[in-house]
Amino acid sequence: MKGSVVVLTGAGISAESGIPTFRGEGGLWKNFKPEELATPQAFAKNPKLVWEWYDWRRQLIAKAKPNKAHMLLAEMEKKMNITVITQNVDGLHQRAGSKKVIELHGNIWRVKCTACSAEYELYETPLPEIPPKCKYCGGLLRPAVVWFGEPLPEDVLSKAFELTKECDLFLVIGTSGLVYPAGYLPFLAKQHKAKVVEINPERTPISEIADISIREKASVGLRLF
Ligand code: OAD
């Protein structure tokens with residue numbers, strides 16, 4: 006579509022809201038092992054441990070506020086054809102006012118029943134009971150997020166691919182680009198002749214193909230738009 010912009014965001018855009026990133030200095034994967042907390046196997050083995058970690062993150066996110074970068078993207082949506090594709094599960098883009106948001110890895114405020122498959126929002130945190138039980142059938146709930154080794158929802162992924170192939174500008178903010186398929190999207194955009202602009206204080210594999218790399222924090226880099 007003419008003049009369309011796709012923005013791919015990662016944990017770095019929420020760093021200025023006080024939410025830790027996964028990799029790098031102070032990253033969650035420095036202190037926690039993904040295979041013990043963010044895989045279907047980990048959940049099958051110890052749902053209580055996994056839920057304790059998610060409840061801790063839910064509390065951090067509940068206290069956090071959208072920052073300047075989230076706000077600037079929401080402002081941009083009023084003036085241009087822009088869609089945010091995010092790997093974040095924190096919902097901060099929506100809280101800042103962005104309407105067109107595709108959540109590749111789900112949302113930490115949604116839960117899914119492992120017994121009856123009901124999916125619904127559950128905002129209470131700290132949770133009164135860990136692990137929480139389904140309000141419909143009493144089954145074990147899981148966070149409605151994508152874990153390592155799980156496929157992304159097909160409809161979500163195909164929409165992300167479609168928008169990426171059609172856009173004129175592909176803006177990448179605050180992602181290491183190491184997790185696929187999200188990390189593939191900037192390359193797909195480039196193949197389809199979009200300009201790729203990266204905002205990240207650090208170099209990433211995406212820097213290799215970026216037309217412009219802005220080595221700034223998200224809130225500073227976005228002010229240039
Ligand atoms: P990472 O933690 O891998 O990368 C965060 C990126 O943000 C790094 O490249 C930092 O340099 C950059 N960064 C840090 N502070 C920033 C700031 N203020 N402004 C802009 N950039 C900043 O996070 P993701 O790339 O989002 O998946 O990680 C992708 C996926 O891996 C996550 O969705 C999660 C994780 O494991 C699952 O849990 C499935």
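Here the numbering used here runs 5 ahead of the position in the sequence shown, where the first position is 1.
Just so it is clear, CB atoms sit at the ideal spot from N, CA and C, and this is done for glycine as well.
Values in this document were obtained by computation on a predicted structure and should not be read as measured data.
Quiz item: What are the uninterrupted segments assigned as beta strand (DSSP E) that are 3 or more residues long and contained completely in the stretch 41–89, given in chain order?
Solution: none
Quiz item: When the Cα of G15 is compared with those of L132, C172, I107, which residue comes out closest?
Solution: I107
Practice problem: May I ask you to check if the CB of K222 is nearer than 7 Å to at least one heavy atom of the ligand OAD? | Solution: yes
Quiz item: Is there at least one non-hydrogen atom of the ligand OAD closer than 7 Å to the beta-carbon of H110?
Solution: yes
Quiz item: With contact counted as at least three CB pairs below 8 Å, one residue from each stretch, are the stretch 139–148 and the stretch 110–122 in contact?
Solution: yes
Quiz item: Taking just the CA atoms, how far does T169 sit from P186?
Solution: 12 Å
Practice problem: Under 8 Å Cβ to Cβ from G154, same chain only, skipping five residues before and after it: list those, please. | Solution: T44, P45, Q46
Quiz item: For the putative contact between L227 and L77, defined by C-beta atoms under 8 Å, what is the C-beta separation to the nearest angstrom?
Solution: 4 Å
Exercise. With a 10 Å radius around its C-beta and 16 neighbouring C-beta atoms as the bar for buried, classify G23 as buried or exposed.
Key: exposed
Quiz prompt | S163 burial status per 10 Å Cβ neighbour count (16 or more: buried) | solution = exposed
Quiz item: With 16 as the cutoff for other CB atoms within 10 Å, does P133 come out buried or exposed?
Solution: exposed
Self-check item: Helix, strand or coil at W152 according to DSSP, with G and I counted as helix
Solution: coil
Self-check item: Check: T26 C-beta below 7 Å from any heavy atom of the ligand OAD
Solution: yes
Quiz item: Are the beta-carbon atoms belonging to V225 and D216 less than 8 Å from one another?
Solution: no
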